[in-house]
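Keeping their order, the protein sequence lines are chains A, B and C.
Just so we're aligned: the first sequence equals residues 1 to 213 in full-length UniProt numbering.
Just so we're aligned: the second sequence equals residues 1 to 344 in full-length UniProt numbering.
Just so we're aligned: the third sequence equals residues 1 to 220 in full-length UniProt numbering.
From the three backbone atoms N, C-alpha and C, an ideal C-beta is built for every residue, glycine too.
Written out below as structure tokens is the structure these notes cover.
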Amino acid sequence: MTIDWSWIGDHTDDLTSLTLSHLQAAMTAVFFGVLISLPLAVIAHRVRPLRGFLLGFSNILFTIPSIAIFVLLLPISGLTRTTTVIGLTVYTLVVLLRNTVEGLDSVPAKTKEAAKAMGTRPLRTLLTVEFPLALPVIMAGVRIATVMSISLVSVATYIGDGGLGQLFTDGFQRNFPTPVIVGVVLTILLAVVADALLVAVQYVLTPWRRRRA
Amino acid sequence: MIQFDAVHKRFPNGTTAVHDLSLEMPEGGVTVLVGSSGCGKTTTLRMINRMVEPTSGTIRVGGKDVTRQDAAELRRSIGYVIQQSGLFPHRTVLDNIATVPLLLGHGRRRARARAAELLETVGLTAEAGKRYPHQLSGGQQQRVGVARALAADPPVLLMDEPFGAVDPVVRTQLQDELLRLQKELSKTIVFVTHDIDEAVRLGDQIAIFRTGGHLVQCATPAELLARPADDFVADFLGAERGLKLLSLKTLAAVPQGPAPEGGAWTLVLDEADKPLHWASKDTELPVRPLKDTDSLLSALNESVASPAGLVARVDADGVLTGVTSRDDIHEHAGQAHTEARVAA
Amino acid sequence: MFELFKNLGKWLTNGASWAGSDGIAHRLAEHLQYSLLATLIAAAIGLPLGLLIGHTGKGAFVAINLASFGRALPTVGLVVLVFLAGGLSMLPVYVALVALAVPAIVTNTYAGMTAVDPDVKDAARGQGMRGHQVLFQVELPLALPLIMTGLRLALIQVVATATIAAYVSFGGLGRYVFDGLAQRDLVQVLGGAVLVAVVAVVLDLALSALQRFLFRHRTA
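Listed below in structure tokens is the structure:
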């Protein structure tokens, strides 16, 4: 199996636009995933009876195969980018919700007590104490969700989207390995770079966790 | 007997845990290693069963160099008790105790029978044997830890802060139990603690370590309290070391006489001649009678607490044998100090 | 929309769609066969690796990054790639499914091993257990709940992903999805997806119930 380098050279524009489209799908999904999971996580963390229900429900969502989620959405949103993003968002929810709840749980009760004792109101405590301290665990979830989404976008190739995943269909139909190899490599590369960027973001956001110089 | 000969331990990160240690731990005695954290006492203990290998020097147990024996077999011949007990959470208490006999190839039935026997020895019910470790209290878990270490009847017992994680009341109970067991079994025990009171209570010999792995002084508790080698040891023993020394002496040698009559306070007895309380014209105060085996320290305490300045003395059955005055106790306390200083 | 689900119900309850070599029963059996075999192979590779890394403490870096790499690997691309390299056989499907399952198994096994209380391991060595005795009598049983979780996660992911066997012209429940897509038969597509989801959920629930039963003596 050899790589046809000239094909790559001839298709740089296509590859760039597919990569951007791929990235856009994954990032939009993670964005909505965070937007939805944060309030849900706060509810699951504060209201004990709802906790089991929310986490259990999201776990069941996770067992549904990604291809099935896309297909199940077809009657609602059809063969569109919206279907891709909704499907990916559903998948990110599980990881994000679980990690955010775990993160909030990990904030020491004593720290929250101290904030309360100094007269901080609950919402302020949540924003200025709980979220920052839960950040490392939340960010771990965001990293997993991001890498997972980037890899899963290609599944949407079955419903006509899929960013770099289209290279797999293309290569498969023409019995031509080069686009497939390029697609796999670019997907992994995207995931690695996105993950590294998130690590950097977390480093900037949590100065108290750095080792003393 | 356990002998350390010029033993040195440096960890790969460059810190020296034990510095040129030569020490003998007598057979059938309790040697307590004390010091603040990071002083090398635990490393010293762990080198005996080769959980840590010395960088240089030799350690002999029963005359044999430990590094020339198979590590696993050596460990099976030495009892090992650690803080938080380190019990296997997936095995019943009985199977936990049977660990070493099973490793030694004794049959399961024989190992379990031995384990059941040991449950009783350490003061647990047979019913506790069927439970899992997490279903026991911290104190009970520690007892199981001791039973497990005793299962193969090893001559040597290593105990690394075994009672560090239990509350003070339970700790005192466990210490009493250990002393009782030791009277029966006469093991060679090496015991690590950072609690000097525990060391004085349990040790036949105490070795005090200073940060950097230096042995500062090794002596009997009485010697140590009477003549600390330097300011470090004196500080470590604390300001009340004079009183601690009195905890080592019993009341037996202090004379007693008949209870005086006609004072402001009278000792009231029941029909079996057991002390009930101190009584004056218009009030009653409790009495805490002492036996000959009680320490001079508790006598001193009682002489101060007793309204008449007198300590009621009783025999093993609690029957009054006489009283001792505050002055007599003070005099003996002073003598005890002088003797300890001269003898040491 | 309502019509669609009504037809789906009809398709699922119709005896005829269950019978024959392209009936649901047969496709279900194929799907389970692919999934179980792939998970078994993955376990044969992942378990020893995870145990070794956990026991020796060497290669932890590998274990941690393997998980991330496993998540980043696009399964569809992998199947197509192995297919183009190796020709028409089940090999590409198994390679892709095993590659998907191994990281989950290794990382969970490793996590289970590192979660074993160091005091308990110290005590085990201190009682005179040899390396393999510590591993098999203490570490493995204590890590087992997390190891089981890893196997469960791997199996669920494999079941969900085994649909791709049909992409390279093999059987399994994915057949309905891909044939349906090709024939613009939404009922068939939905039917296949629902069946896969049901299999995954049922397996997950059954295995977690089994896990709870097996480890009922453990503390949380």
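### Message
Going by DSSP in three states, A:F53 sits in which element: helix, strand or coil?
### Response
In the three-state reduction of the DSSP assignment, A:F53 falls in the helix class.
### Contacts of A:F168 in chain C (Cβ-Cβ under 7 Å)
V76, G77 and V80
### Message
Considering only their Cβ atoms, is the gap separating A:G87 from A:A156 smaller than 8 Å?
### Response
yes
### Task
To the nearest angstrom, report how far apart B:G63 and C:T56 are at their CA atoms.
33 Å
### Query
Run through DSSP, which three-state label would B:Q205 get?
Three-state result, B:Q205: strand.
### Query
For A:V85, which residues from the same chain have a beta carbon less than 8 Å from its beta carbon, with the 5 sequence-adjacent residues on both sides left out?
A25, T28, A29 and F32
### Task
Check whether the Cβ atoms of C:A193 and A:I67 lie closer than 8 Å to each other.
yes
#### Entry: Three-state secondary structure assigned by DSSP to B:A115
helix
### Query
Name the DSSP bridge partner or partners of B:L320?
B:V314
### Task
Work out the CA separation of C:L195 and C:A19 for me, nearest whole Å.
15 Å
### Query
In chain A, which residues lie less than 8 Å from C:R184 when you measure between Cβ atoms?
Here the premise fails: no neighbours, minimum Cβ distance about 11 Å.
### Task
Determine the DSSP secondary structure at B:T193, reduced to helix, strand or coil.
strand
### Message
I want to know whether the segment 240 to 249 of chain B touches the segment 212 to 231 of chain B - three or more CB-CB distances under 8 Å.
### Response
Yes, the segment 240 to 249 of chain B is in contact with the segment 212 to 231 of chain B.
### Query
Between B:V122 and B:A147, which are expected to be in contact by the criterion C-beta below 8 Å, what is the C-beta distance as a whole number of angstroms?
5 Å
### Task
Give the DSSP-derived three-state secondary structure of B:T125 in the structure shown.
If DSSP states are grouped into helix, strand and coil, B:T125 belongs with coil.
### Query
Is the CB-CB distance between A:V101 and A:A140 below 8 Å?
With contacts defined by Cβ atoms closer than 8 Å, A:V101 and A:A140 do not form a contacting pair.
### Query
How should A:T128 be labelled, buried or exposed, when 16 other C-beta atoms within 10 angstroms of its C-beta is the threshold for buried?
By the neighbour-count criterion, in which 16 or more other beta carbons inside 10 Å mark a residue as buried, A:T128 falls on the exposed side.
### Message
Would you call the segment 18 to 28 of chain B in contact with the segment 179 to 195 of chain B, where contact means no fewer than 3 C-beta pairs closer than 8 Å?
### Response
yes
### Task
Please name the residue, chosen from B:L296, B:K291, B:R201 and B:E339, that lies closest to B:L320 on a Cα-to-Cα basis.
B:K291
### Query
Comparing the C-beta of A:G171 with each C-beta of chain C, is any distance below 8 Å?
With 8 Å as the cut-off, A:G171 counts as an interface residue toward chain C.
### Task
Using the Cα positions of C:A220 and C:P145, report the straight-line distance between them to the nearest angstrom.
Only weak support exists for where C:A220 lies, its pLDDT of 40 falling under 50; the coordinates are left without a value.
### Query
Which chain B residues sit within Cβ distance under 9 Å of C:L142?
F88, P89 and H90
### Query
Helix, strand or coil for A:A115 per DSSP?
helix
### Task
Could you tell me if B:W278 is buried or exposed, where buried requires 16 or more neighbouring beta carbons within 10 angstroms of its beta carbon?
Buried, by the Cβ-count rule.
### Query
Considering only residues of the same chain and omitting the five flanking positions on each side of B:A336, which have a CB-CB separation below 7 Å?
L245, L246, K249 and L296
### Query
If you drop the 5 nearest sequence neighbours on each side, which residues of the same chain put their C-beta closer than 7 Å to that of B:R76?
V100, L103, L104 and A152, listed in sequence order.
### Task
Kindly say whether C:Q127, judged by its beta-carbon, lies nearer than 8 Å to any beta-carbon of chain B.
yes
### Message
Can you pull out the residues from the segment 161 to 172 of chain C whose beta carbon lies closer than 9 Å to at least one beta carbon of chain A?
### Response
T161, A162, T163, I164, Y167 and V168
### Task
Identify each residue in the segment 155 to 169 of chain B for which the Cβ-Cβ distance to at least one residue of chain C is less than 7 Å, and report them in chain order.
none
### Task
Would you decide whether A:Y203 is buried or exposed? Buried here means 16 or more other CB atoms lie within 10 Å of its CB.
exposed
### Boundaries of the beta strand (DSSP E) in which B:Y80 is found, first to last residue
I78 to I82
### Message
DSSP three-state label for B:V268, please.
### Response
strand
#### Entry: Check whether B:L202 and B:V32 have beta carbons under 8 Å apart
yes
### Message
Give me the residue from C:L47, C:T161 and C:G15 with the minimum Cα distance to C:T107.
### Response
C:L47
### Task
Along the alpha helix (DSSP H) that carries B:K41, what are the first and last residues, could you check?
K41 to I48
### Query
Any idea what DSSP makes of A:I64, helix, strand or coil?
coil
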